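Enquirer: Mind having a look at this structure? Questions to follow.
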Amino acid sequence: MPMQAYAWTMLNASSPWRVQFSSSGQYARHLVRFSLSGLPSASDLTVKLDGKDLRWTPRLDIGIDRWHYDIHRQSVLEDGLHELSFQLNNNQLEGTAQLCSAEILEFGAPNEFISTPGHYSLFPTFSETNTTSYRPTNEDCLMRIVTTPNFCKVCLEGLWLSLLRRVDFIDSISTSCDQIGVSPPRFNRVLDLKLVPLGQFRLPADDLEAGNKIPAEEYSITWYKDGEVLEEFVNQTHIEVNDGDGQGVGLYSVEVKFTTTENYRSLVNPGTG
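Quick note: the sequence shown uses my numbering, first residue 1, plus one each step.
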């Protein structure tokens, strides 16, 4: 990254905002990235690199809101000094048109640096403390760049794990008795399990969410009595056990496992009733 500037400056029509930077000339391609606000039309602004118009166009219907723009250039920045400039063309926008940030990034050839969306690897991330960490994608994640609409798979899994550490899948377990006979009196022991509505128990999507894709996910429910699996009640949230002759007496427990294609680890909650 030969240049990064958080300008936060109001543009004026009398003179362009300029910044100079040096390149080593060792990279096969480069990216001009900047963010603007108060510039609704392409004719309002000219962005140039080394005197060449980059043909910037605003996002449709952006109005005067801020947005981030990327201009990819499949060419080498020559060794030496370069200049990036922003010229306001519409003097009616003085006091409104703003350059928020600008940067130049350089990349190796596609076989050296794979930036294709969906590609996962170890991409180095550098910090002001002179330490190196790694991110899973180049810029295919909302955590990396705000113009990306979704999380990458790694961050999505991390979000699941982080949030669910604070949540029990089991909201409650209630017990009761259901009389099934009068003479002689006969009862069933009833156990009801209430889960956080995920998987097969997700609530119906409302109109605003109807188009959202729900990931493949499910609960697996296993009931136990005195440590023995109750096979007939697998994946049931309501069970009734014959209590005749004290057969229903015992320690009941349930294990709930949640799996989703967005997470490579099964998440388990135990409970007793």
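All residues carry an ideal CB built from backbone N, CA and C; glycine is no exception. From a predicted model like this one, the values you see are computed outputs, not experimental measurements.
Assign Thr-46 to one of three DSSP states: helix, strand, or coil.
Expert: strand
Enquirer: Is the beta carbon of Phe-86 within less than 7 Å of some heavy atom of the ligand COA?
Expert: Within the structure as shown, the ligand COA is missing, as the structure has no ligands at all.
Enquirer: By the 10 Å Cβ neighbour count, where 16 or more other Cβ atoms means buried, how is Tyr-219 classified, buried or exposed?
Expert: buried
Enquirer: Give, in chain order, every unbroken run of the beta strand (DSSP E) that is at least 3 residues long and sits entirely within the segment 13-68.
Expert: 17-23, 29-37, 45-49
Enquirer: Take Asn-188 as the anchor and find which of Asp-65, Ser-101, Cys-177 has the nearest alpha-carbon.
Expert: Cys-177
Enquirer: Work out the CA separation of Leu-251 and Leu-230 for me, nearest whole Å.
Expert: 12 Å
Enquirer: Measure the C-alpha to C-alpha separation of Met-122 and Glu-255 and round it to an integer number of angstroms.
Expert: Met is not the amino acid found at residue 122; the sequence shown has Leu there. Approximately 37 Å, taken between the alpha carbons.
Enquirer: Using the Cα positions of Lys-257 and Leu-142, report the straight-line distance between them to the nearest angstrom.
Expert: Cα to Cα, Lys-257 sits roughly 29 Å from Leu-142.
Enquirer: If you draw a straight line from the alpha carbon of Ile-62 to that of Asn-111, how long is it in whole angstroms?
Expert: 35 Å
Enquirer: Between the beta-carbon of Asp-70 and the beta-carbon of Leu-31, is there less than 8 Å?
Expert: yes
Enquirer: Can you give me the start and stop residues for the alpha helix (DSSP H) that Leu-142 sits inside?
Expert: Counting along the chain, Leu-142 falls outside any alpha helix (DSSP H), and DSSP gives it neither H nor E.
Enquirer: Under the DSSP definition of a beta bridge, which residues are partnered with Arg-189?
Expert: Per DSSP, Cys-177, Val-241.
Enquirer: In the DSSP assignment, the beta strand (DSSP E) including Cys-100 goes from what residue to what residue?
Expert: 98-107
Enquirer: So which of Val-234, Ser-37, Ile-145 has the shortest CA-CA distance to Glu-94?
Expert: When each option's Cα is compared against that of Glu-94, the closest is Ser-37.
Enquirer: Could you tell me which of Asn-263, Ser-14, Leu-60 sits nearest to Ser-162, measuring between CA atoms?
Expert: Asn-263
Enquirer: For Phe-107, I'd like the list of residues in its chain whose CB is within less than 8 Å of its CB, leaving aside the five on either flank, ordered along the chain.
Expert: Tyr-27, Ala-28, Arg-29, His-30, Leu-31, Phe-113, Ser-115
Enquirer: Taking Cβ to Cβ, would you say Trp-67 is nearer than 8 Å to Ser-35?
Expert: Result yes, Cβ atoms of Trp-67 and Ser-35 sit closer than 8 Å.
Enquirer: Going by the DSSP bridge assignment, what does Gln-4 pair with across the sheet?
Expert: Glu-103
Enquirer: Spatial neighbours of Ile-64 within its chain, please: CB distance less than 7 Å, with the 5 preceding and 5 following residues excluded, ordered by chain position.
Expert: Ser-37, Gly-38, Pro-40, Thr-96
Enquirer: Taking Cβ positions only, does Cys-155 come closer than 8 Å to chain B?
Expert: Within the model displayed, chain B is absent; a lone protein chain is all it includes.
Enquirer: Around the C-beta of Pro-136, are 16 or more other C-beta atoms found within 10 angstroms, so that it is buried, or is it exposed?
Expert: buried
Enquirer: Going by the beta-carbon positions, is the gap between Arg-18 and Ser-85 smaller than 8 Å?
Expert: yes
Enquirer: Spatial neighbours of Met-10 within its chain, please: CB distance less than 6 Å, with the 5 preceding and 5 following residues excluded, ordered by chain position.
Expert: Gln-98
Enquirer: Compute the distance between the beta-carbons of Thr-322 and Val-190, then report whether it is under 8 Å.
Expert: Shown here, the chain extends from 1 to 273; a query on residue 322 therefore has no answer.
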